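J.: I have a structure I would like to understand better, so I am pasting it below and will then ask my questions one at a time.
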Amino acid sequence: MTKKIALITGANKGIGLEIGRQLGQRGILVLLGARDVRKAKSAAQQLRAEEIEAYPIELDVTNPEHIRQVVAKIEQAYGRLDILVNNAGTYLDHEGNNTDVMRRTFDVNIFGPHALTEALLHLLKASPEGRIVNQSSILGSLTTILTNEMYAGAAVPAYTASKAALNAWTAQLSIALRGSNLKVNACHPGWVKTDMGGPAAQMEVQEGAETAVYLATLPAHGPSGGFFHKSEPLPW
Ligand SMILES: NC(=O)c1ccc[n+]([C@@H]2O[C@H](COP(=O)([O-])OP(=O)(O)OC[C@H]3O[C@@H](n4cnc5c(N)ncnc54)[C@H](OP(=O)(O)O)[C@@H]3O)[C@@H](O)[C@H]2O)c1
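Under my numbering, the first residue of the sequence shown carries the number 211, and numbering increases by one thereafter.
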């Protein structure tokens, strides 16, 4: 198997599906994770009609049994994983500012990616040039929300805290992986027209997927332990 293999979470729609498309267009085999397997199948069908080698995979990132099955499937079929894009995310702050919202947001935005990545690490290490991309947000940048008036008004504590935690873990993981073939970076896609970004967003998904695709396909001399938008570093 000479093709690279990529797993993208939350790949049934939005930026995740487009990341699958753009990686697939580069000749990478893409495993499209979705918590509803029917949606994963329909996304894979859509990309296969565009001559992309795409396969559906049932994956709710908060479900330990799904994670176990995904690891077993990838191990059995390929024996390695070249790219993991932790893209699945949730935004629940409109439901209120309370601990339940905070907990459920953290489940998807940090505990899920952490559990999945830890479980896949041996398969990523088996790749000659493994890449991990954590889909964060500019709202996870403490420097930005404290200094940039444009973001200061966005009162989304659970989302912001979960993405800041994702960023902190990205930095920690990059330190743990120093000296290996693996690179891990956090990504801000931009404000993108999706179900989460809403219709007023500035970017189409094609542009929104670019940063994750850039980080997923970094060359050996590329960065690790950074936070990026469009190949430009962002403040933590
Ligand atoms: N759009 C923006 O402007 C923007 C800006 C900054 C960062 N982001 C980040 O970009 C990522 C993608 O967002 P998007 O804009 O493409 O939003 P989206 O269209 O709403 O897609 C979110 C994806 O995450 C999936 N998901 C939610 N909970 C999940 C779970 N427990 N397990 C697995 N998948 C789950 C959703 O699946 P279902 O279809 O089953 O719900 C969906 O596939 C997120 O991490 C988001 O925080 C987006």
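From the three backbone atoms N, C-alpha and C, an ideal C-beta is built for every residue, glycine too. Remember, it's a predicted structure, so these values are computed and weren't measured experimentally.
1) I342 and T353 look like a contact to me (Cβ under 8 Å); what is the Cβ gap, rounded to whole Å?
2) When the Cα atoms are used, what is the spatial distance from P266 to L217?
3) List the DSSP bridge partners of E442.
4) Using 8 Å as the threshold, is the stretch 274-289 in touch with the stretch 393-409, meaning 3 or more CB pairs across them?
5) Apply the 10 Å Cβ neighbour rule to Q345 and answer buried if 16 or more other Cβ atoms are within range, or exposed otherwise.
6) By the DSSP assignment, the beta strand (DSSP E) with N395 in it spans what residues?
7) Out of N297, I320, F438, which has the shortest C-alpha to C-alpha gap to T219?
8) Around the C-beta of E359, are 16 or more other C-beta atoms found within 10 angstroms, so that it is buried, or is it exposed?
9) Measuring alpha carbon to alpha carbon, tell me which residue in K440, S390, G224 is nearest G243.
10) Do you know offhand how far R258's Cα is from A264's?
T.: Taking the geometry as given:
1) That belief does not hold up - the Cβ atoms of I342 and T353 are roughly 23 Å apart, past 8 Å.
2) A direct Cα-to-Cα measurement between P266 and L217 gives close to 10 Å.
3) H439
4) no
5) buried
6) The continuous beta strand (DSSP E) containing N395 extends over residues 393-397.
7) Ranking N297, I320, F438 by CA distance to the CA of T219 puts N297 first.
8) Result: exposed.
9) For the set K440, S390, G224, the Cα lying nearest the Cα of G243 is the one of G224.
10) 6 Å
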